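A.B. asks: Take a look at this one; I'll ask things after.
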Amino acid sequence: MQHITHNITLSTITTGHGGHGENGGTGGRAGDIYFGSGGTSLLMALPHAPYAAHDSFREDAPSSCLVGTRVAVLEEISTWSESANGERPPIYWLNGVAGIGKSTIAKTVAERAQEKRMLGATFFFSRKKESLWDPALVLPTLAFQLAQSDDAFRNVIVDAIERDSEAGRKTLLSQLQKLILSPLLTIDPRRSPILIVLDALDECEENGATNILELMFTHLIRIPFLRILITSRPQPHLSSVFNKASSLAETALHDIDASVVDQDIRLYISTELAKIPRKLGLDMPTDWATEAEKNALDTLVKKSGKLFVYAAVVIGFIGDGWVRDPQFQLGLILNTWSLKQAQAKPYSPLDKLYMEVLRKSLSPFNHQEILKRFQTVVGSIVLLRELLPLPSLAVFVCYTTHVVEESLRHFHSVIIPPSNNQPPRIYHPSFLEFITDPSRCSMREFVIVAVPEQELRHAIRCFELMAKHLKRDIAGISDPSLLNREVDGFKEKVREALSPEVQYACRHWASHLRCVEIGEGSIMRALETFLTQSVLWWFEAMSLLESISNAPSSIEVAHRWADSSRCKPSVVRILSDSHRFILAHRDVIRSSALHVYHSALPFTAHDTMLYKTYTGDGKNSIQVLQGMESKLPRHLGALHAHSDTVTTVAFSPDGLCLASGSSDYTLRLWDPKTGISIKTLKGHSGSVRTIAFSLDGLCLASGSNDYSLRLWDPKTGRLIKTLEGHSGSVRTTAFSPDGLHLASGSDDYTLRLWDPKMGICIKTMKNHHGSVRTIAFSPRPDGLYLASVSDDHTLQLWDGMSGVFIRRLEHDSHQLWELGFSFYHDTPIPHPETLTAQPLHHLPSVITPKPSVAMTPLIWQCEGHWIQVMQQQEGYARRICYIPEDHLTSTEIAVSSQETYSQLAVGCYNGHMIILVVPHDLFPWSFSKEPADTQLMPTVTCPHTPLMSSTFPMNDDPPLPTHGTGQRHAWSLPRLFRHGADILARVVTVKTQSGGGYKG
């Protein structure tokens, strides 16, 4: 790997000059907006982070380097960025520990590049604002700024958006290819360099940051005129990517010669000390510090080490406007330090300074009150999941705004005081790290730790705020026929209706509840009140806040907590109902908040605790009188999974990840609880025929018509290895229980046994005389046996470790076999001499463990329009769900069996994937020969669910009558379905609020 590492020891370096050449276009600066041809509206519609640029107005925006400081490193970066194309590595990594000045350098580099008209785009990450750490916004934001910086860039990027208006909402790889790579590859490669700056990449979400970095090294380096400056802490997940780079320019700020840094810090401190008297309105000379303490400047420089943040905190402490005595403050600082200790640990100077800040805040008259306020106010700033503006913070902690301001007054050197209704912010992460680490903060009364008592207070306060402020139609929309996006002034209505502290309570009550001690009485009562009075209002609020996708996980957290706490059965039941309710109706509620009441609730199973609790107010627009099921539906919906047939599906062992493979050559990873797509995996050049997770869930194997197997990391989506050797399509694959072996079966009539870690074939097994359709390891830890089924009408048994042939079982059926070992908990795996198998007919099937010790294993099948389940030894199937005509299943069904339910995923020919949840209490297992006794008919929605539960047929039925009032009801069916969906017809009778009946 060619690393160009710079240890800067000189104060000046000759700087080359760059600029746009003859082929560089008109040129411009990031921030200049070009108009014409409708391009502006297209660009503005592109998702982007509005405060990501280096010159954005942000409370936490870094300052620029003081003139005369950081000269060497700035000139080195300048020389690199202006070098001829191909002369130096295209990516420069500036790294260093927290507080060393990376962001200040990055901003200065960006400003200078902007002056030279060579700045393309900047993204300054921050954890203090979600849009500034969301990886999904990084690449669209860079494209947005690039289009503003140069006419040529603008034209090609606008053209790309015109071709695909949804490019900014796709996967990171698609975003990069469509918005940046493909457009910029059309630009003359001889043009002058363009700089992109990414600052504090470690502040980005971890997996997203790694993926973005890998994409840049893989793809963006193909654009010869691009220069990319990246700053970050040397975090392991980033370092691992940088260390694999074949060509990289790098400077580690903490490795720069101390004498160079000392000069810079000395200049900074002396300049800022001279400004303090004027800022405080004091009559003091500019060299007051050296007059008061002869060696003051030298001492402060030495104590700063290489951390510019230390120097900044020192200046803030000395110039504290509340104390207004810089000489006294300077004396405290100078008498606190021990040079020997300062050299012992990189953070010890900062820790000592923070300790002095804390001691100074204490008053001999109200010591305990200050500590109480500190724990309450600063503790909330530290522990709350997001920052709150000062007035909202005051409401949340039950103090007046004045008390909060006074509580923070003593900490202005470490906490930025709020202005313009902004939240108070901790000056630098190093203080946050210090104040939450008892090993660094020796004043234990100041240490802030997320203990259950504090989480309890925050959880209780969330419930109190929701109980006080939430109500039906809180935003005053009133017309349920409107989508959220169609409401005039929607965002303003939401801001007025839901204050920041109430928004916080809605979003984060569950994360606090998760940390509360099991069985705590006050929170149990608060949770019960919330569920019986406010949960539907909360669903509405989450829709208004565009956070409804987080609602299922919040309810699930509460359900686990309530179940563990042995809450009342009614509480656990309504939580269970609420979870299945929001899974079934989230798409409806996401589109229109008021349809919590106007469609989701009326079409909820009438025997549920949720329905019984919330239908007594008589406010629903309609009532379903006939045709409804007594139980909640078990489907989560039909996901638009692929552009071609879904050929294979599989759950991870823990049931938290679902993988699908398709004839469109791709795999996709899903969150099965929310139906959200996590990643798309590309690499195969043929249809994906089989997928399998390792037992630990850390590896995903896929087999394809391209004759290869590929191993993936399901957490990152990274391709680990490609296994080649088969001469036909790979039909089936399976991991051994210990994960040490991977087996595959192919149309080439062979099985292969692989070492997945080494990526080598251990054994090729050739006893079959037809395509190998399916294989399975015995479930013992050592995977003692491997069974295979083939088109040659045989089942063959092999040694799962060596691949040695053991036995053949033949059958005369011309139907395909499905294969699975029994999972009895109380009996050993049968000896191969007694192993038998039976055909399961030509149906997509899967065998899963028995849900409980009293049950036998279950066989799940797709037959025609039905998904059904049967016991292994029974001849009758219980029908679970009806599938519409255009969702006929392909050949794959996957099941994840949990303690109380099974989750199913079914692939369809049209590229969709149906997900169902089947509770085990559904099965009394008294099978009947009569299908009418066992048929259960929940409806199945298709993508882009309309504003009503999938209950009415897709047709032009007339709207509901107005019943003489002249007022239009919400149930104009053509309007509700105008967005398009394929709906399974069901006959129901409904009753409007005015009492009229309607049958549809």
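What the sequence shown shows, in our numbering, is residues 3 to 1002, in sequence order.
Just so you know, even glycine gets a beta-carbon here, dropped at the ideal spot from N, CA and C.
Here the structure is a predicted model, which means the values were calculated and not measured.
Would you mind stating whether P716 and F737 have Cβ atoms separated by less than 9 Å?
C.D. replies: Result no, Cβ atoms of P716 and F737 do not sit closer than 9 Å.
A.B. asks: Just the C-alpha distance for R193 and D153, rounded to the nearest angstrom, thanks.
C.D. replies: If you take the alpha carbons of R193 and D153, they lie about 13 Å apart.
A.B. asks: Measuring CB atoms only, is the region 483-491 touching the region 400-407, in the sense that at least three cross pairs come out at less than 8 Å?
C.D. replies: The region 483-491, when compared against the region 400-407, does not touch it at the 8 Å Cβ threshold.
A.B. asks: With DSSP as the reference, please indicate the residues paired to S593 in a beta bridge.
C.D. replies: Its beta-bridge partners do not exist; DSSP assigns none.
A.B. asks: Report, in whole angstroms, the separation of the C-beta atoms of T718 and S704, which I expect to be a contact under 8 Å.
C.D. replies: Not confirmed; about 15 Å, so no contact.
A.B. asks: Just to confirm the assignment, what range does the beta strand (DSSP E) spanning R670 have?
C.D. replies: Unbroken beta strand (DSSP E) run through R670: 668-673.
A.B. asks: Taking the runs of the beta strand (DSSP E) that are 3 residues or longer, which of them lie wholly in the region 45-80?
C.D. replies: You should have found no qualifying run.
A.B. asks: Cα-Cα, which of I476, K765, M760 is closest to S746?
C.D. replies: Selected option, being the one with the closest Cα: K765.
A.B. asks: Considering Cα atoms alone, identify which of V75, L360, G333, A586 is closest to A254.
C.D. replies: Here the closest residue by C-alpha is V75.
A.B. asks: Could you tell me whether the Cβ atoms of E205 and R156 are closer together than 9 Å?
C.D. replies: Against a cut-off of 9 Å, the Cβ pair of R156 and E205 comes out as no contact.
A.B. asks: If you count every other CB in all the chains shown that lies within 10 Å of the CB of I520, and 16 or more means buried, which is it?
C.D. replies: So I520 ends up on the exposed side.
A.B. asks: Kindly indicate the opening and closing residues of the alpha helix (DSSP H) around L546.
C.D. replies: Residues 537-546.
A.B. asks: Taking W563 as part of the alpha helix (DSSP H), name the residues at either end of that continuous run.
C.D. replies: Run containing W563: 553-566, per the alpha helix (DSSP H) assignment.
A.B. asks: Whether or not the region 377-389 and the region 504-515 are in contact is what I'm after, with contact meaning three or more pairs of Cβ atoms, one per stretch, closer than 8 Å; do they touch?
C.D. replies: Flag = yes, the region 504-515 and the region 377-389 touch.
A.B. asks: Give me, in chain order, the residues of the same chain whose beta-carbon lies closer than 7 Å to that of G730; leave out the 5 immediate sequence neighbours on both sides.
C.D. replies: These residues qualify, in order along the chain: Y709, S748, D749, D750.
A.B. asks: Going along the chain, which unbroken runs of the beta strand (DSSP E) with 3 or more residues stay wholly within the region 720-782?
C.D. replies: The region 720-782 contains these whole beta strand (DSSP E) runs: 720-726, 732-737, 744-748, 753-757, 762-767, 774-779.
A.B. asks: In three-state terms, what does DSSP make of A652?
C.D. replies: A652: strand per DSSP, three-state reduction.
A.B. asks: Can you tell me whether M760 is buried or exposed, with buried defined as 16 or more other CB within 10 angstroms of its CB?
C.D. replies: By the neighbour-count rule (16 or more Cβ atoms within 10 Å), M760 is not buried but exposed.
A.B. asks: Is it right to say W324 is buried, meaning 16 or more other beta carbons lie within 10 angstroms of its own, or is it exposed?
C.D. replies: With fewer than 16 Cβ atoms within 10 Å of its Cβ, W324 is classed as exposed.
A.B. asks: I'd like the list of long-range same chain contacts for A149, defined as Cβ closer than 6 Å, with 5 residues on each side in sequence excluded.
C.D. replies: Closer than 6 Å at Cβ, skipping near neighbours: L45, F155, R156, I159.
A.B. asks: Pick from V397, G381, F398: whose alpha carbon is nearest that of R434?
C.D. replies: This sequence places Leu at residue 434; Arg is not what is there. Checking every option, the nearest Cα to that of L434 belongs to G381.
A.B. asks: Keeping to the same chain, check which residues put their C-beta closer than 8 Å to that of S578; ignore five residues upstream and five downstream.
C.D. replies: Closer than 8 Å at the Cβ level, and outside the excluded window around S578, lie H561.
A.B. asks: At which residues does the beta strand (DSSP E) containing E216 begin and terminate?
C.D. replies: From DSSP, E216 is part of no beta strand (DSSP E) but of the alpha helix (DSSP H) over 208-220.
A.B. asks: So is Q370 buried or exposed if we call it buried at 16+ other beta carbons inside 10 Å?
C.D. replies: So Q370 counts as exposed.
A.B. asks: At a cut of 8 Å, does the region 115-131 reach the region 59-79 through at least three beta carbon pairs?
C.D. replies: A contact exists between the region 115-131 and the region 59-79.
A.B. asks: In whole angstroms, what separates the C-alpha of D673 from that of I680?
C.D. replies: Taking the straight line from one Cα to the other gives about 7 Å.
A.B. asks: Could you pull out every residue in the same chain whose Cβ sits closer than 6 Å to the Cβ of V651, ignoring the five residues on either side in sequence?
C.D. replies: Closer than 6 Å at the Cβ level, and outside the excluded window around V651, lie S662, E894, A896, A907, G909.
A.B. asks: So what's N245 in DSSP terms, helix, strand or just coil?
C.D. replies: In this structure, N245 counts as helix in the three-state DSSP scheme.
A.B. asks: Are the beta-carbon atoms belonging to I479 and V537 less than 9 Å from one another?
C.D. replies: In this structure, V537 does not lie closer than 9 Å to I479 by Cβ.
A.B. asks: Name the two residues that bound the continuous beta strand (DSSP E) containing R1.
C.D. replies: No answer is possible for residue 1: it lies beyond the span of the chain, which begins at 3 and ends at 1002.
A.B. asks: For the structure I just gave you, are there three or more beta carbon pairs, one from the region 48-56 and one from the region 132-139, closer than 8 Å?
C.D. replies: The region 48-56, when compared against the region 132-139, does touch it at the 8 Å Cβ threshold.
A.B. asks: Give the straight-line distance between the Cα atoms of D190 and S184, rounded to the nearest whole angstrom.
C.D. replies: Cα to Cα, D190 sits roughly 13 Å from S184.
A.B. asks: Look at L700 and R712 and say whether their C-beta atoms are less than 9 Å apart.
C.D. replies: Not closer than 9 Å, so no.
A.B. asks: What residues in its chain sit with their C-beta under 7 Å from that of V397, if we drop five residues either side in the sequence?
C.D. replies: Answer for V397: E503, listed in chain order.
A.B. asks: If we ignore side chains and look at the alpha-carbon of each, how far apart do G491 and M544 end up?
C.D. replies: Those two C-alpha atoms are separated by around 18 Å.
A.B. asks: Measure the alpha-carbon distance for A169 versus L181 and round it to whole angstroms.
C.D. replies: Near 7 Å, if we compare the C-alpha coordinates of L181 and A169.
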